[in-house]
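The numbering of the sequence shown is this note's numbering, which starts it at 257 and goes up by one.
Glycine included, each C-beta is placed from N, C-alpha and C at the ideal position.
One structure is given below, encoded as structure tokens.
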Amino acid sequence: MPPETFTSTRADQPLLPTLRRFLPFLWPAGQPRLKARIVVAMLLVIGSKLIQVFGAAFTLKYAVDRMAADDRSLTTLVILLVVGYAASRFGTTLFDNLRNAVFERVGQDATRRLAATVFRHLHALSLDFHLSRRTGAVTKVVERGTKSIDTMLYFLLFNIAPTLFELVLVLGLFWTKFGWPLVVATVMMVVGYILFTRMVTDWRNALRARMNDLDTGAVAHAVDSLLNFETVKYFGAEEREAKRYDDAIAAYAEAAVKSENSLAWLNLGQAAITNVMLAGGMAYVVWQWSRGTASAGDVVFVSTLLAQLFRPLDLLGMVYRTIRQGALDMAAMFDLIDTPASVVDVVDAPVLAVSAGHVRFENVSFGYDAGRPILRDLELDVPAGSTLAVVGPSGAGKSTLARQVVEAVEQ
């Protein structure tokens with residue numbers, strides 16, 4: 257029976273329970289400075305969106321309205337508004353970068369403390385746990401889980417949350433200035449955009465999984481063939497091996513083409529939804545302008561807000577895929593933390609007192625699994641103060657014998 261690997265087997269790991277487990281590491285008790293950094297970072301997120309919506313969009317709208325008035329005396333005001341528009345765009349970039357700088361220490365600290373918690377728990381587990389699992393697989397679970405923290409925090413706090421906040425602001429402005437039809441159309445298009453992106457991304461994930469499997473198979477065949485170079489030469493199988501490798505690479509190339517084509521379909525579909533919404537929204541405002549209820553600047557206003565709203569949604573496919581994979585990786589790491597230790601120290605347990613140190617084995621049989629016994633009816637007596645040398649080939653049970661002594665003390 258091969259050693260057990262430790263991975264999460266749940267394909268659709270719920271995100272909220274995983275985030276709830278992680279929250280104490282993100283909002284640590286007794287760390288007011290880190291909490292202050294989180295608050296400042298969120299204020300910078302809000303400030304960035306407020307500047308982007310109320311600064312950039314409104315200044316450009318007012319500049320176009322003043323120019324449409326055909327009053328040359330307003331030239332200075334128009335220039336100031338255009339400069340204000342550029343300043344608003346710079347302010348958004350400034351706030352975003354300040355946010356990243358402020359929050360970076362929080363993310364790194366949370367990652368460090370979670371990794372230390374996992375590492376400490378691994379040392380608290382019994383020897384049986386480590387013997388029954390591949391160490392490389394366990395360390396890979398920890399590595400993937402800790403690496404996914406920073407990425408998930410960035411996308412959740414600085415992509416999804418700000419976009420939702422901006423959507424609320426935009427819908428509020430559309431409701432007050434243009435009425436419910438534009439609000440309903442925007443909501444429908446955003447929902448359609450999200451559903452389309454998720455559907456195509458799930459399809460692309462399946463294609464990428466097959467592509468990765470074929471890539472792994474091709475590399476494995478190449479390595480195996482080269483490692484057995486002498487055998488291939490003896491049997492004159494060079495052409496056969498080259499043909500097998502070429503077939504493996506061809507299958508990978510075909511899968512890679514399908515994966516790349518699926519990305520093109522995703523981009524085309526997203527662009528179609530975005531531009532249909534943009535054209536429909538601007539046409540609706542032009543219709544209101546024809547009735548005298550909207551200005552020329554309102555067309556630019558709606559165009560700017562919709563373009564800003566859909567820009568972060570362009571990354572939605574990558575965000576969805578990353579968060580889904582991150583939830584799986586973090587869940588596997590938390591499953592590792594939840595693994596109970598088979599040997600637990602009793603509260604207020606007395607210190608082990610060794611007076612004589614006499615070791616005796618009487619009819620001891622042991623094996624790491626039922627099909628492979630190592631010790632059979634062992635009789636052994638080691639008096640206190642004496643030295644015993646155990647000699648034997650590899651796998652005879654020399655290390656197992658020492659482990660049984662430690663195991664007896666733990667029990």
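Check residue i in the structure and name its three-state DSSP category.
i, result
"F491", "coil"
"S621", "strand"
"L381", "coil"
"S551", "coil"
"R466", "helix"
"N484", "coil"
"W543", "helix"
"S304", "helix"
"R692", "Residue 692 lies beyond the range of the chain shown here (257 to 667); nothing can be said about it."
"R369", "helix"
"W283", "coil"
"V443", "helix"
Kindly indicate which residue of the options has the alpha-carbon position closest to the one of residue i.
i, options, result
"F421", "S304, T472, D406 and N484", "S304"
"T407", "Q581, T656 and A550", "Q581"
"M444", "K433, M467, Y490 and L423", "L423"
"L584", "F314, E497 and S404", "S404"
"R577", "F491, G537, A462 and Q287", "A462"
"T453", "L290, P568, F617 and F310", "P568"
"L670", "F414, L381, G473 and R632", "In the structure as shown, the chain starts at 257 and stops at 667, and residue 670 therefore has no counterpart that could be examined."
"V309", "S655, A563 and S650", "A563"
"G641", "R466, V615, S518 and I302", "V615"
"L451", "G428, L522, T402 and D554", "L522"
"N619", "T643, I630 and V488", "I630"
"N353", "L482, Y410, A478 and L470", "Y410"
"Y318", "F557, Y540 and L534", "F557"
"R466", "A511, F491 and S518", "A511"
"A507", "G492, A493, A474 and L483", "A474"
If you check the beta carbons only, do residue i and residue j fall under 9 Å apart?
i, j, result
"A297", "F346", "no"
"V398", "A366", "no"
"R277", "M586", "yes"
"A313", "L561", "yes"
"G553", "A441", "no"
"V320", "S551", "yes"
"G311", "T348", "yes"
"I529", "G448", "yes"
"V374", "M589", "yes"
"R355", "P284", "no"
How long is the line joining the alpha carbons of residue i and residue j, rounded to whole angstroms?
i, j, result
"I307", "V295", "18 Å"
"N300", "A417", "According to the sequence displayed, residue 300 carries Leu and not Asn. Their Cα atoms are separated by approximately 13 Å."
"T549", "A527", "30 Å"
"V646", "S655", "10 Å"
"E486", "K514", "37 Å"
"V638", "T472", "53 Å"
"S481", "T457", "36 Å"
"T332", "L534", "31 Å"
"R659", "L378", "18 Å"
"L657", "I593", "29 Å"
"A478", "A498", "9 Å"
"R376", "V362", "21 Å"
"D327", "L336", "15 Å"
What residues match up with residue i in a beta bridge as DSSP calls it?
i, result
"V615", "V638"
"L631", "F622"
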